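Here is the structure we will look at.
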Amino acid sequence: MLYREAGDFKTSYASDNQTFPIRFDRVAYWVVMAFAFLVLPMIMGDYWANSVVVPFLIYVIAALGLNILIGYTGLLSLGTAAFMAVGAYATFKLTTSFPGMPIYIVFLLSGLITSAVGVLFGLPSLKIKGFYLAVATLAAQFFLIWLFTRVGWFFNYSTTGQISMPERSMFGVLITGASASSTAVYFTCLIFVVGMAWLARNLTRGTVGRSWMAIRDMDIAAEIIGVNPLIAKLSAFAVSSFFVGVAGALTFAVYLGAAEAGEAFGINKSFLVLFMVIIGGLGSILGSFLGAAFLVVLPVILKLLLVDTLGWPADLARHLEVMIIGALIIIVLIAEPHGIAALWRTIKDKLRLWPFPH
Amino acid sequence: MLDTQQDGYLTADGRQIGPVVLELKNITLRFGGVEAIKDISFDIRTGEVRAIIGPNGAGKSSMMNVISGFYNPQEGDVIYKGYKRAKMAPYQVARTGIARTFQNIALFEGMSVLDNIMTGRMNLMKTGFLKQALWWGPAAREEDEHRAAVERIIDFLEIQHIRKTPVSRLPYGLKKRVELARALAAEPQILLLDEPMAGMNVEEKEDMSRFILDVNDEFGTTIVLIEHDMGVVMDLSDRVVVMDYGKKIGDGTPDEVRGNQAVIDAYLGVTHD
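See below:
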């Protein structure tokens, strides 16, 4: 009835391989999509759009990217924020150098530029793994941020050292700049999230994804089977950086509007995205959504609860919020080390058989 | 292509064995000062079940690693299908039609049985990166075609019931079978099996023996087998190479090897003088 696969016979491999094999999930997916595209923009105010939903969507893209690298390919990276900065600065340089270029194309090109930089910094992964690779990517974090704050060409020699996004429109609607409507910004982010989640799903379900996971699970066996480790690892870096680069471009162009590399893309942000991926679930697309939701939406809900509903002083609430989030992270990781997505999988397994235990 | 060795032979059970497909010539493999393999030569013929046996540390697995390109011998040549093989990375060897299983199971633990076997077909799947990213016609179609091929292997090895199970949840015997399935999925000409029956009970060994013979019979796959269970080796194989301390001490049909004094000495132990 509700959550059942019995009686739902698959008659082709395509239908057996589909993303949501259970009908309940398929319906739920379309309901969520309809809600996101039709209902949410109507009921959501500017505050919710700008400070909750938009950052959530952007972090989903970054988390998807990092998940491809860590969760699917098993390559640990601490340079996420630096790659976001590459996307942001690429967007800035492209919009200021080619004012006529459509802004969505700019975002995609920024992703591709980040991709190239990511492959460059991914080269050490051919020789080293684990913590050592993490340290090597840490070098990317510090080097790139240093580059963007010291070399004037990147911020067009502005006296503040900041980059700020000029106004740009797409399909006649203003997307970036201070006077862009929150609805336009929301739809831009939503389109990118849906498109990129779809790309991530396609890549991870086919040969490319299997070669990544093979490298993650046992690189020697993968090589014996015919996976070229060079191509598998560098393609993971390329795809991951593409996602992270687009996330950085959106962070700068539609969310912040103006940014300074060290402040907006510091190592804290690298860790934040890493936590999203770990808490959400490594090697899971849904996990990237859940992880981003956990770390972006939860603080806002706590703040609403403590400050607006209970009337506590804002600074006290702020400290409590950090403590509660920290405790929740530990609780989630102890209860389900494989992240919230694994918790959801367990629930689904139980639901399938409910009300019977076996 | 093959020069003087067009001939084959007829096995005891009446199967026709073809010409030499892979020849190892004077292979010497060293790790620092240790000589793991000392000047060994033997050949493998199309369609035969070729066993490599020997006591622990004899260099059998090293030999298999040489064939699968994992180690490059310091001396000697690997002649495959009539041509001397250049130094290759393991993934390149895999693309020439040589697949293998491992002594310690080397499955992808985080993936389902189906995904593991599909990974085995890696080299047969051709759609490019972009088409896959967009899951465009050819990519989806290719996935389905290869899924059908994988399903045939799943049926063949009788593992339908665990198709979608994550490998990490399987018992040992089934893991070994999945590993065989993954190697078979590549449709290899030569299948290297490194102790496919280690740690199995009698029933599982019987099943595995049956699968190995069926693979050889139905797909015509040449099989190179390392195994410690002498009963199994003698029953399954057409010709046997015996190694001891990195040297070849015997080569021939199971009966010839059984009667070889050097082999008996190596297994039962004699005082060396």
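Going down the list, the sequences are from chains A and B. The letter at position 38 of the first sequence is residue 40 when you use this note's numbering, and the numbering goes up by one with no holes. The letter at position 225 of the second sequence is residue 665 when you use this note's numbering, and the numbering goes up by one with no holes. Note that beta-carbon positions come from the ideal geometry of N, C-alpha and C, so glycine has one too. Quick caveat, the model's predicted, so the values are computed rather than measured.
Residue contact check for Y531 (chain B) against chain A: a CB pair falls below 8 Å.
Approximately 30 Å separates the beta-carbon atoms of A706 (chain B) and P530 (chain B); this is outside 8 Å, ruling out the contact. Measuring C-alpha to C-alpha distances from A216 (chain A) to each of B:M648, B:L547, B:D595, B:I602 identifies B:L547 as the nearest. Judged by DSSP secondary structure, K687 (chain B) falls within the beta strand (DSSP E) whose first and last residues are 687-692.
Distance from the Cα of L330 (chain A) is smallest, within the candidate group A:K350, A:L114, A:L304, A:A224, for A:L304. Interface annotation, R320 (chain A): not in contact with chain B, CB-CB separation never under 8 Å. In this structure, DSSP gives P606 (chain B) an extended state, which the three-state scheme calls strand. When the five nearest sequence neighbours on each side are left out, the beta carbons in the same chain lying within less than 7 Å of the beta carbon of D684 (chain B) are those of G494, P495, A498, A706, in order along the chain. Burial is judged here by how many other beta carbons sit within 10 angstroms of a residue's own beta carbon; P636 (chain B) has at least 16 and is buried. Residue range 500-507 is occupied by the alpha helix (DSSP H) that includes N505 (chain B). Non-local C-beta neighbours of A83 (chain A) in its own chain, meaning closer than 7 Å and more than five positions away in sequence, comprise Q143, F267, G268, I269, K271, S272, ordered along the chain. Segment contact: the segment 465-482 of chain B against the segment 645-655 of chain B, fewer than three CB-CB distances shorter than 8 Å; contact not assigned. Within 8 Å of the CB of R617 (chain B), no CB atom of chain A is found; the nearest one sits about 16 Å away.
Listed in chain order, the beta strand (DSSP E) elements of length 3 or more contained wholly in the segment 173-210 of chain A amount to none. When Cβ-Cβ separations below 8 Å define contact, A249 (chain A) makes no contact with chain B.
In summary, the residues of the segment 222-236 of chain A whose CB is separated from some CB of chain B by less than 8 Å are I222, A223, A224, E225, I226, I227, G228, V229, N230, P231, in the order they occur in the chain. Residues of chain A whose Cβ lies closer than 7 Å to the Cβ of M551 (chain B) are, in chain order, M215, D219. Residues are counted here when their Cβ sits less than 8 Å from a Cβ of chain A; for the segment 545-575 of chain B these are A546, L547, F548, E549, G550, M551, D555, M558, T559, G560, M562, N563, M565, T567, F569, Q572, A573, L574, W575, given in chain order. Per the C-alpha coordinates, the member of A:L308, A:E323, A:L353, A:V298 positioned closest to V56 (chain A) is A:V298.
Out of B:S501, B:A539, B:D675, B:E488, the CA that lies nearest to the CA of G660 (chain B) is found in B:E488.
Across the structure, L345 (chain A) and L288 (chain A) are spaced so that their CA atoms are roughly 11 Å apart. For the segment 201-255 of chain A, not one full-length beta strand (DSSP E) segment reaches 3 residues or more. In terms of Cβ geometry, I72 (chain A) and S79 (chain A) form a close pair [threshold 8 Å]. Listed by position along chain B, the residues whose Cβ is nearer than 8 Å to that of R212 (chain A) are M551, D555, M558, T559, M562.
Think of a sphere of 7 Å around the beta carbon of A16 (chain A): the chain B residues whose beta carbon falls inside it are A580, D584, in chain order.
Note that the C-beta distance between F85 (chain A) and G250 (chain A) is below 8 Å. Residue environment for H586 (chain B): buried (at least 16 other C-beta atoms within 10 angstroms of its C-beta). For the C-beta of S502 (chain B), not a single chain A residue is nearer than 8 Å; the gap to the nearest is close to 15 Å. Take the alpha-carbon of F157 (chain A) and the one of A180 (chain A): they are about 19 Å apart.
Around the CB of N641 (chain B), fewer than 16 other CB atoms lie within 10 Å, so the residue is classed as exposed. Excluding sequence positions up to five before and after V119 (chain A), its CB lies within less than 6 Å of the CB of V88, all in the same chain and listed in chain order. The continuous stretches of beta strand (DSSP E) do not include Y74 (chain A), and DSSP gives it neither H nor E. In this structure, A:I227 is the residue among A:I227, A:Y31, A:T162 with its C-alpha nearest to the C-alpha of L632 (chain B). Inter-segment contact for the segment 230-249 of chain A and the segment 118-135 of chain A is present: three or more beta-carbon pairs are separated by less than 8 Å. Each of A:L258, A:A319, A:A223 was checked against the Cα of F510 (chain B), and the nearest Cα belongs to A:A223.
If the five residues before and after T21 (chain A) are omitted, its C-beta is found closer than 7 Å to the C-beta atoms of R203, all from its own chain and listed in chain order.
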